[in-house]
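Under the numbering used here, the first residue of the sequence shown is numbered 17, with each subsequent residue one higher. Glycine residues also receive a C-beta, built at the ideal position from the N, C-alpha and C atoms. Quantities reported herein were computed from a predicted structural model and do not represent experimental measurements.
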Amino acid sequence: MKWLSPVFLSAALLLSGCSKNEKQLRSFEPADRDFAMEMVKKQCEIVPRHSGTPGAEKTAQLILETAQKMKGVTARIDAFTDDTPNGKMTFRNVIVELPGKGKPVIIGAHYDAKKLELVRDFQAANDGGSGVAVLLTVMKTLTSQEKPLPFPVHFIFFDGEECQIEYGDSDGLHGSRKAAKDYKGKARAMILADMVGDDDWNISLPENCTPELKKIILQAAKDLKLQDNVKEGSMQVLDDHVPFFDAGIPSVNLIDFTYGPDNAYWHTAYDKIENVDPESLGKTADLILKVLAIMEKDSFGN
């Protein structure tokens, strides 16, 4: 190591285009892959867990209790009723808040599983389990920091993402529609993680996302040398980010919609823990953490 005297240091800063007041990009340790995988495993032990079942309520409680063990969080269950094709149903969003100044960044994932009539013990390890695990892993990292982020981060675990028959005003996206209504005009951004545990990890950012946020995601991926696996897509995707996007909240969806050969594992018995890769969970968590660091450095949404 070579120390620079104050004179040479000042010159070096000028030459490099830096200043003592310029914000430095925060760095995080790699996300805890083992913890993420353990969170998937715990969810897969609860079957079935589609909305309205005791398993779904038990999963909400698991998320709540896991979050409550972390430092400095405020966690609660937001229970509400909504119309469905089968009548009114109670849904439960789990909301975990990390404090800060100004509007929060929302990080979301759904925890409910698709109801499959022919698969009694459907694990939904990736489509449901992976996003929840990633959020809890990001939360674990953030709550272990000596210096917290300056802005609030709200983790929302959505119930009722899966439709019962066909997506519509009263079928599917129940939790995210409720949360988007509650947060309209009150959030600086929304980041969704869905189906991110495939061992062939390739994130495609849907067309119906906020361009400025997609740019930050792509920059974060480049910084992590993941640019070959995180790219801008050309398709629109109906998912939990859409109600926020429609509410005018900058939103982006981290999704890998190629689960198994030709997406063959999606909504089948093959969506099980054996087909979830801890490294993919960790990469997704690392990506979100890098995005938060960039938002902090650039004062995004201030």
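Within the DSSP bridge table, the entry for Ala149 names no partner.
In this structure, Ser267 places its C-beta atom within 9 Å of the C-beta atom of Leu208.
DSSP links Asp99 through a beta bridge to Lys104.
Around the C-beta of Glu178, 16 or more other C-beta atoms lie within 10 Å, and the residue is accordingly described as buried.
Counting only residues of its own chain and dropping the five nearest sequence neighbours on each side, Val89 has a CB closer than 8 Å to the CB of Ala83, Val112, Glu113, Leu114, Met155, Thr159. Residue environment for Pro294: buried (at least 16 other C-beta atoms within 10 angstroms of its C-beta). Between Phe174 and Asp99, the C-beta spacing is not below 9 Å. Residue range 294-314 is occupied by the alpha helix (DSSP H) that includes Ile310. In this structure, the beta-carbon distance from Gly184 to Pro222 does not fall below 9 Å.
Between Asp94 and the set Ser192, Met53, Pro64, the nearest pair of CA atoms involves Ser192. Around the C-beta of Gly118, fewer than 16 other C-beta atoms lie within 10 Å, and the residue is accordingly described as exposed. Counting only runs of 4+ residues, the alpha helix (DSSP H) found wholly inside the stretch 212-266 occupies 227-239, 258-262, in chain order. The C-beta distance from Asp287 to Gln161 rounds to 33 Å, too long to meet the 8 Å contact threshold. It is roughly 36 Å from the alpha-carbon of Asn291 to the alpha-carbon of Phe316. For Gly144, there is no enclosing beta strand (DSSP E), since its DSSP letter is neither H nor E. With contacts defined by Cβ atoms closer than 9 Å, Lys306 and Ala236 form a contacting pair. Taken atom to atom, the span from the alpha-carbon of Asp256 to that of Cys225 is near 11 Å. Note on geometry: alpha-carbon atoms of Met53 and Gln59 lie some 10 Å from one another. Look at Ile79 here: in three-state DSSP terms it is helix. In this chain, the beta strand (DSSP E) harbouring Val121 covers 121-126. Counting the other Cβ atoms within 10 Å of the Cβ of Arg108 gives 16 or more, which makes it buried.
In summary, Lys238 is exposed, with fewer than 16 beta-carbon neighbours lying within 10 Å of its beta-carbon over all protein chains present. In this structure, Asn218 sits near Val246, with a CB-CB distance shorter than 9 Å. In this structure, Ala309 places its C-beta atom within 9 Å of the C-beta atom of Ser43. Going by DSSP, Met55 is part of the alpha helix (DSSP H) stretching over 49-60.
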